[in-house]
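Written out below as structure tokens is the structure these notes cover.
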Amino acid sequence: MTETRSISWPSAMAALGIIAGLLLASRVNFLLFHTLAEIFSVLVSGGIFVIAWNARRLPASPYLLFIGIAHLCVGGIDLLHTLAYKGMGVFPEHDANLPTQLWIAARYLQSSSLLAAPLFIGRRIWPRTTLAAYLAVTAALVAAIFGGIFPPCFEEGVGLTTCKIASEYIISLTFMAALVFLRKKRAAFDPSIVNLLSAAIVLMVLAELAFTFYVDVYGLSNLAGHILKVAAVFLIYKGTVETSLTRPYALLFRELKESEEKFAKAFQTAPAIMVIASLADGRYLEVNEAFEKTLGWQKKEVLGRTSLEMGIWVEQEQHSEVVRTISGGEKVINREVTLRGKGGETVEGLYSAVGIELNNEPCILSIVRDITARRRAEREVKLLNAELSLRARELEDANRELEATVEQLESVNRELEAANKELEAFGYTVSHDLRSPLANINGLAQVIRDLFGRKLEPQCREFVDDIYRETLRMDRLIDTLLKFARISRCELSHEAVNLSALAEETARELQAQDPQRQASFDIAGNLSANGDPRLIKIALDNLLGNAWKYTGMREKARIEFGAVQQEGKTVFFVRDNGIGFDMADAHRLFLPFERLAAGSPFKGEGIGLATVARIVQRHGGRIWAEGEKGKGATFYFTL
928 MTETRSISWP SAMAALGIIA GLLLASRVNF LLFHTLAEIF SVLVSGGIFV IAWNARRLPA
988 SPYLLFIGIA HLCVGGIDLL HTLAYKGMGV FPEHDANLPT QLWIAARYLQ SSSLLAAPLF
1048 IGRRIWPRTT LAAYLAVTAA LVAAIFGGIF PPCFEEGVGL TTCKIASEYI ISLTFMAALV
1108 FLRKKRAAFD PSIVNLLSAA IVLMVLAELA FTFYVDVYGL SNLAGHILKV AAVFLIYKGT
1168 VETSLTRPYA LLFRELKESE EKFAKAFQTA PAIMVIASLA DGRYLEVNEA FEKTLGWQKK
1228 EVLGRTSLEM GIWVEQEQHS EVVRTISGGE KVINREVTLR GKGGETVEGL YSAVGIELNN
1288 EPCILSIVRD ITARRRAERE VKLLNAELSL RARELEDANR ELEATVEQLE SVNRELEAAN
1348 KELEAFGYTV SHDLRSPLAN INGLAQVIRD LFGRKLEPQC REFVDDIYRE TLRMDRLIDT
1408 LLKFARISRC ELSHEAVNLS ALAEETAREL QAQDPQRQAS FDIAGNLSAN GDPRLIKIAL
1468 DNLLGNAWKY TGMREKARIE FGAVQQEGKT VFFVRDNGIG FDMADAHRLF LPFERLAAGS
1528 PFKGEGIGLA TVARIVQRHG GRIWAEGEKG KGATFYFTL
């Protein structure tokens, strides 16, 4: 438990005894009283310096060292003040002005040092440089006083000068400012230290006020001021010297405790698994929250047990190798391991460990970053790549089979001939002769960019970038062909489909892409048909998407989806007021890779309408278009 009491009864009695002794001495001889009071102050100041200087290499705040150096110089001036006091006879050529000047100089130095000291909390201080600076300031003050430069502070028969009185008030205000600053920084101190130093500063202020109105250096106010100063010095002694000797681990700063708390918080809240275990027998000494969350074990179930008991390591040899490495004084960095959770699930991780000492016991601090999801994703990507390669080979085989079938069967129908031509073109495109060199070109372009980009001429870099972009575009074309091939070959389902709902869904998706566009959708309600809902959605996506794209330059675009009756059949249509097309080119609209808007700002691969035509044909319907350049287009289809 932390001690919050500032002064014990024995200490209080000792303080009262010192003050009583000084008062008795003052009744006998004021000079004796003054000498004893000042010598006590000088000894305490020297003690503060000795303690602070010898503790300068300890990991404590520089606050105490700064105060110690300051009080060495304050004590030195106070010693001169004692020797120069009226009646001592050490400096016979000087009157009572000399000790008064020395007193003011010492108080200026002390108050300003207490005010500045909190600035050094948590900061580095250079002891020898600071000591040299204080000694230089002290020497300058003493030289100014003995050289007659320092303003007079006392005149015989008159009393205190205006300079002396004003200085006492300035010093009092400086002490009060130091008190406020200290209270603001109290979180860095032991509470009892703050209380002691605060009380000492208050007493110093009262002492300074007592020294503002005496006429005789042997007067009553002078006596009261020295008693208050002795009490203040006693409190400083309690707050620094005695505390340093009797309670060294609770002195002023709690940096070590705060450091431990920060480490504990970082340990517990770290996203990675963290474990501290005994190196000798493997007992778990501490685990963090990530350990509990990832492996499912609660801390109370783990502490005191070993990983062998709980079967945490899937491969025990991995654990044995870690122990051997740490025992040899080396570290383990990012080693892949597999751990087992409480429920039997496995966790893949990157394991790092270092040897530490905890309470004189060799331990292992382990950190495991969970990479299970990453490894799973890598395996899925690898599996998908293998599946894609298999599909490509299957498509090549299917293409060859279709070519053989064409040669053998002269009477194949038009639909089979069209499918065969499309599959033949697709097979040639995705064949090894195209895909493999394309991948090589893309990879080499990327290597050139990464390794030699900065060394190439600007134009050369542009060429390399063009190669890289065009190979990526070719890769997208291959993906588009794959989708087109799947549509041509996938199994067709037949069920009731709400075309109005599908069209509204597509319209919402398009508007979400560019909410700032002034475009209106007019979608007729209750339109339905029988077919494959997935393929019909793809067809509507392409038709409405084309209408959205080619009305992009219209200030107020209109897109309509509806149906009409022709010869007893329902004919669906998508109409827009976009750029339209020349009817002379209508026969090219539904061919793969045919783009009537080539060279226009509207991008595309030329496969969308071909996809729609294939879907409509597979449903036993037909598709056609009507349009006029600059006045829009209408696409009709049946299912």
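Numbering (our numbering), first residue to last: 928 to 1566.
Beta carbons: idealized from backbone N, C-alpha and C, even for Gly.
These numbers come from a predicted model, not from an experiment.
Reference residue i, options the options, closest by Cα
i: A1372; options: P1385, S1363, R1396; result: R1396
i: F1108; options: A1513, S1038, T1221, G1002; result: S1038
i: R1485; options: T1497, I1394, A1560, R1413; result: A1560
i: P1460; options: P1442, G1472, E1418; result: E1418
i: M1201; options: E1188, K1226, D1208; result: K1226
i: A1280; options: G1268, L1106, V1264; result: V1264
i: L1222; options: D1377, A1331, M1237; result: M1237
i: K1556; options: I1291, A1134, V1539, F1508; result: F1508
i: R1232; options: A1207, E1244, T1252; result: A1207
i: P1519; options: I1506, D1512, A1540; result: A1540
i: V971; options: G995, L1322, P1026; result: G995
i: L991; options: V1064, R1050, L1329, T1407; result: R1050
i: G1086; options: E1436, T1027, L1322, G1370; result: T1027
i: A1043; options: L1058, A997, I1076; result: A997
i: G1554; options: Y1477, L1123, L1029; result: Y1477
i: T1437; options: L1408, I1405, A1451, N1473; result: The residue asked about is misnamed: residue 1437 is Leu in this sequence, not Thr. Closest by alpha carbon: N1473.
Local Cβ density within 10 Å of residue i, reported as buried at 16 or more and exposed below that
i: P1364; result: exposed
i: A947; result: exposed
i: H1421; result: exposed
i: I1072; result: buried
i: R1403; result: exposed
i: N1367; result: exposed
i: K1258; result: exposed
i: I1128; result: buried
i: P1019; result: exposed
i: R1545; result: buried
i: W1475; result: buried
i: M1131; result: buried
i: Y1096; result: exposed
i: L1178; result: At L1178, the pLDDT of 46 sits below 50, so the modelled position is not reliable and the matter cannot be decided from this model.
Residues bridged to residue i [DSSP beta-bridge criterion]
i: G1554; result: A1560
i: Y1278; result: R1262, V1295
i: S1455; result: N1425
i: G1489; result: F1500
i: L1449; result: With the sequence shown as reference, residue 1449 is identified as Asp, and Leu is not the correct amino acid for it. In the DSSP output, where bridge partners are listed per residue, D1449 has E1487.
i: Y1211; result: A1204
i: P1289; result: E1284
i: R1267; result: T1273
i: T1233; result: R1210
Under the three-state DSSP convention, the category residue i falls into
i: N1367; result: helix
i: G1547; result: coil
i: I1076; result: coil
i: C1387; result: helix
i: I1239; result: coil
i: S1358; result: Interpretation of S1358 is limited by its pLDDT of 49, a score under 50 that renders its predicted location unreliable; the figure taken from the coordinates is listed afterwards. Three-state DSSP puts S1358 in coil, outside helix and strand.
i: I1154; result: helix
i: V1202; result: strand
i: V1308; result: helix
i: I945; result: helix
i: D1402; result: helix
i: E1082; result: strand
i: T1196; result: helix
i: L1087; result: strand
i: T1478; result: coil
i: T1167; result: helix
i: T1273; result: strand
i: R932; result: In this prediction, R932 scores a pLDDT of 46, lower than 50, which makes its location untrustworthy; the coordinate-derived value is nonetheless stated afterwards. Coil.
i: T1565; result: coil
i: P1139; result: It is worth fixing the name first, because residue 1139 is Thr in this sequence and not Pro. Coil at T1139, not helix or strand.
i: P1054; result: helix
i: L1179; result: Bear in mind that a pLDDT of 45 at L1179, under 50, signals an unreliable position, so the model cannot answer this.
i: E1244; result: helix
i: C1417; result: coil
Practice item. Specify whether the stretch 1008-1020 and the stretch 1056-1068 touch according to this definition: at least 3 beta carbon pairs, one from each stretch, less than 8 Å apart. Key: no
Review point. Just checking, does the stretch 1429-1447 make contact with the stretch 1409-1418 on the three C-beta pairs under 8 Å criterion?
Key: no
Review point. Hey, is the stretch 1290-1299 in contact with the stretch 1189-1205, meaning 3+ C-beta pairs nearer than 8 Å?
Key: yes
Check your understanding: Would the stretch 1499-1514 and the stretch 1532-1544 be scored as touching if the rule is three or more Cβ pairs under 8 Å?
Key -> no
Review point. Would you say the stretch 1212-1220 touches the stretch 1235-1254, given that touching needs at least three Cβ pairs under 8 Å?
Key: no
Point to revise | Any 3 or more C-beta pairs closer than 8 Å across the stretch 1300-1308 and the stretch 1265-1274 | key: no
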